[in-house]
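*Asks:* Starting off with a structure, shown below.
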């Protein structure tokens, strides 16, 4: 039809990329994960993200450096090693995104209250 609803171009079903905290990345070698972090630097090809205080990961294969200018991003990426992801998708977040709050929530979602969060 003339007006089809725009859909996000997803190469993967969304559930196949679990959200992980920095400490868990190494458990997903070769697999796609989602991480959220603060953009520390981006040169258009690679980006450094801080996922939690002192926890840095490198994002390679940056598709669109402009998206990283938002300050905080969610990355869907393939795990290359414990501190490197190859970008599959980058979702920019608002400037006022609260990373600390997100990390607290993730700890709950992965901890003893995990039953409260839909899997």
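In this note's numbering, the protein residues as written are 15 to 133. Here a beta-carbon is modelled for each residue, glycine too, at the ideal position from N, C-alpha and C.
Quick check: residue 123 and residue 40, are their CB atoms within less than 7 Å of each other?
*Replies:* No.
*Asks:* Spell out the partners DSSP gives residue 73 in its beta bridges.
*Replies:* Bridge partners of residue 73: 61, 99.
*Asks:* Below 7 Å between beta carbons: does that hold for residue 105 and residue 88?
*Replies:* Cβ atoms of residue 105 and residue 88: closer than 7 Å.
*Asks:* Assuming residue 54 contacts residue 63 (C-beta within less than 8 Å), just tell me the rounded distance between them.
*Replies:* Yes, residue 54 and residue 63 are in contact; Cβ-Cβ is about 7 Å, under 8 Å.
*Asks:* Suppose the cutoff is 7 Å on Cβ atoms and the five residues either side in sequence are ignored; what does the same chain contact list for residue 57 look like?
*Replies:* Cβ within range, chain order: n/a, list empty.
*Asks:* Terminal residues of the continuous alpha helix (DSSP H) containing residue 121?
*Replies:* Run containing residue 121: 113–124, per the alpha helix (DSSP H) assignment.
*Asks:* In three-state DSSP terms, what is residue 36?
*Replies:* In the structure shown, residue 36 sits in a helix (DSSP, three-state: H, G or I).
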